[in-house]
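Be aware that the sequence shown starts at 324, since it is given in my numbering, and climbs by one per residue. Backbone N, C-alpha and C fix where the C-beta goes; we use that ideal spot for every residue, glycine too.
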Amino acid sequence: MLASIAAPRIAIVGAGAIGTTLAARLAVAGYSVSVLARGETLASIKRQGVCLIDGQEQHTANVPVSDKCSELGEQDIVLLCTKAHSLPSLLPQLKPLFGQHTCLVPMVNGTPWWLLMDAVEPRSVKQFHIEAVDPGGKLVDCLPASAIVGCVVYITAQLKAPGIACSNTPLRLVVGEVGTPSTFTYSRLSVLIEVLESAGIDTRYAQRIRDAVWSKIAANLTSNPLSVITGTTLAQLYSHPSLQRVVGQLFGETRLTAEAYGSQLEMTLQQLVELGESMGAVSTSMLQDHRQGRALELAAIVEGVIELADRKGIPVPTIKSILHLTRYFEDSGLHHPYACDGKEKC
Numbered sequence: 324m325l326a327s328i329a330a331p332r333i334a335i336v337g338a339g340a341i342g343t344t345l346a347a348r349l350a351v352a353g354y355s356v357s358v359l360a361r362g363e364t365l366a367s368i369k370r371q372g373v374c375l376i377d378g379q380e381q382h383t384a385n386v387p388v389s390d391k392c393s394e395l396g397e398q399d400i401v402l403l404c405t406k407a408h409s410l411p412s413l414l415p416q417l418k419p420l421f422g423q424h425t426c427l428v429p430m431v432n433g434t435p436w437w438l439l440m441d442a443v444e445p446r447s448v449k450q451f452h453i454e455a456v457d458p459g460g461k462l463v464d465c466l467p468a469s470a471i472v473g474c475v476v477y478i479t480a481q482l483k484a485p486g487i488a489c490s491n492t493p494l495r496l497v498v499g500e501v502g503t504p505s506t507f508t509y510s511r512l513s514v515l516i517e518v519l520e521s522a523g524i525d526t527r528y529a530q531r532i533r534d535a536v537w538s539k540i541a542a543n544l545t546s547n548p549l550s551v552i553t554g555t556t557l558a559q560l561y562s563h564p565s566l567q568r569v570v571g572q573l574f575g576e577t578r579l580t581a582e583a584y585g586s587q588l589e590m591t592l593q594q595l596v597e598l599g600e601s602m603g604a605v606s607t608s609m610l611q612d613h614r615q616g617r618a619l620e621l622a623a624i625v626e627g628v629i630e631l632a633d634r635k636g637i638p639v640p641t642i643k644s645i646l647h648l649t650r651y652f653e654d655s656g657l658h659h660p661y662a663c664d665g666k667e668k669c
């Protein structure tokens, strides 16, 4: 079982905007939080702790930080807040953080490596790995489904400087069992939800976590790649009639793929468009990564869906075209300097 709710040991892996936000919230709430970070971020957190600027408030806390898992030790909860493309090399290195009942919560965009896993030990379901996000099935082999809590992140945050995040919107998470629900997994989830809620993070339990995951995939796929191609904010992207048509095609192809795997999207196209318009002058995380010359999460957000669609023989021509166009922008380094800067959208 997890340690007492009053004293669970929590590790944050990755101190970007989301990781820093969660670390600050949990530490200020009094929880035992440690951070795995590197380089300038490691030095900054050692020097001044983690800081979240939330509206008119500033939450600052000193937390243990290291670039070595062995120095952090065994944890009860591990919040994985890194880019999806870093996981194949990173996850095997996290073994010192895991004990018999450690709960791993991957907070990644796009298609998670565990999407096709069930309660069976992963080595017997090697054929269910998703090559785009898990080359060779290494991630599926690392941990059983019972050790993983599925998570969908709805947090808008911006990294102002290493170890300093800014967020002016509610922090929302959706969590649920990856494997077959049991008394143990439900008890563990209850502890996790109570910990997050007590730190001011709105956390909802989803009995069908894959429905929530596919809904977020649809939101990411209809916004992130298009934002790189067009240089638009979310409000601009979802409000322009021509782009709305492309969004509709991307949404429809994603919905058909989700349904082929037994999942239902939790929103209609109209609801997605209205939500996107309401976000205002917010730039997607992929557009911000592109402007900074960082690798784009195309494997998780786009290629994973294409792979799953191809397995079921579902045509996804619009998604494939968008992938090629976005790859061109990534490879060429072209971007739209006139686009309005916004907050990071996870």
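Should residue i and residue j be called a contact, given that it needs their Cβ atoms to be closer than 8 Å?
i           : j           : result
residue 472 : residue 439 : no
residue 392 : residue 341 : no
residue 592 : residue 571 : yes
residue 390 : residue 420 : no
residue 488 : residue 344 : yes
residue 579 : residue 637 : yes
residue 639 : residue 576 : yes
residue 609 : residue 620 : yes
residue 645 : residue 564 : no
residue 641 : residue 595 : no
residue 375 : residue 505 : no
residue 613 : residue 551 : yes
residue 632 : residue 455 : no
So, for residue i: in the same chain, excluding its five sequence neighbours on each side, which residues have a beta-carbon less than 7 Å away from its beta-carbon?
i           : result
residue 330 : 355
residue 528 : 498, 499, 512 and 516
residue 411 : 457, 458, 461 and 462
residue 590 : 538
residue 364 : 338, 485 and 486
Following the continuous alpha helix (DSSP H) through residue i, name the residue where it begins and the one where it ends.
i           : result
residue 429 : Element bounds for residue 429: not the alpha helix (DSSP H) but the beta strand (DSSP E), 426-429.
residue 552 : 532-553
residue 465 : 461-465
residue 506 : 506-521
residue 606 : Unbroken run through residue 606: none, as it is neither H nor E.
residue 578 : 564-583
So, for residue i: in the same chain, excluding its five sequence neighbours on each side, which residues have a beta-carbon less than 6 Å away from its beta-carbon?
i           : result
residue 533 : 586
residue 659 : 554
residue 495 : 477 and 525
residue 400 : 331, 333 and 426
residue 469 : 502
residue 417 : 392
Which whole-angstrom value describes the C-beta separation of residue i and residue j, a residue pair presumed to lie in contact below a C-beta threshold of 8 Å?
i           : j           : result
residue 475 : residue 535 : 5 Å
residue 267 : residue 332 : This structure leaves residue 267 out entirely; the chain is present only between 324 and 669.
residue 407 : residue 431 : 4 Å
residue 537 : residue 581 : 4 Å
residue 397 : residue 422 : 4 Å
Quick check: what's the CA-CA separation for residue i versus residue j?
i           : j           : result
residue 649 : residue 560 : 15 Å
residue 339 : residue 542 : 21 Å
residue 479 : residue 493 : 8 Å
residue 334 : residue 383 : 17 Å
residue 426 : residue 520 : 17 Å
residue 603 : residue 556 : 7 Å
residue 574 : residue 366 : 42 Å
residue 369 : residue 395 : 14 Å
residue 351 : residue 386 : 10 Å
residue 444 : residue 652 : For residue 444, the pLDDT reaches just 48, beneath the cut-off of 50, and the residue's location in the model is therefore unreliable, leaving the point undetermined.
residue 611 : residue 424 : 37 Å
residue 453 : residue 379 : 43 Å
residue 507 : residue 501 : 13 Å
residue 485 : residue 635 : 43 Å
residue 361 : residue 372 : 14 Å
residue 618 : residue 647 : 15 Å
residue 429 : residue 409 : 12 Å
residue 402 : residue 558 : 30 Å
residue 346 : residue 616 : 26 Å
residue 599 : residue 531 : 24 Å
residue 518 : residue 509 : 14 Å
residue 381 : residue 357 : 19 Å
residue 514 : residue 353 : 15 Å
residue 451 : residue 467 : 13 Å
How would you write the range of the beta strand (DSSP E) that residue i sits in, first residue to last?
i           : result
residue 527 : 525-528
residue 499 : 495-500
residue 473 : 472-477
residue 377 : 373-377
residue 489 : 487-489
residue 380 : 380-384
residue 409 : Residue 409 -> no beta strand (DSSP E), and no H or E assigned at all.
residue 359 : 355-359
Is residue i near the ligand GTP, in the sense that its beta carbon is under 7 Å from a heavy atom of that ligand?
i           : result
residue 561 : The ligand GTP is absent from the structure shown, which contains no ligands of any kind.
Measure from the C-beta of residue i to each C-beta in chain B and report whether the shortest distance is under 8 Å.
i           : result
residue 642 : Considering every chain present, this structure includes no chain B. It has just one protein chain.
Which same chain residues, not among the five before or five after residue i, have their C-beta less than 8 Å away from its C-beta?
i           : result
residue 415 : 461 and 465
residue 643 : 629
residue 266 : Past the edges of the chain, shown from 324 to 669, lies residue 266, and the structure says nothing about it.
residue 483 : 376 and 489
residue 567 : 561 and 596
residue 656 : 616
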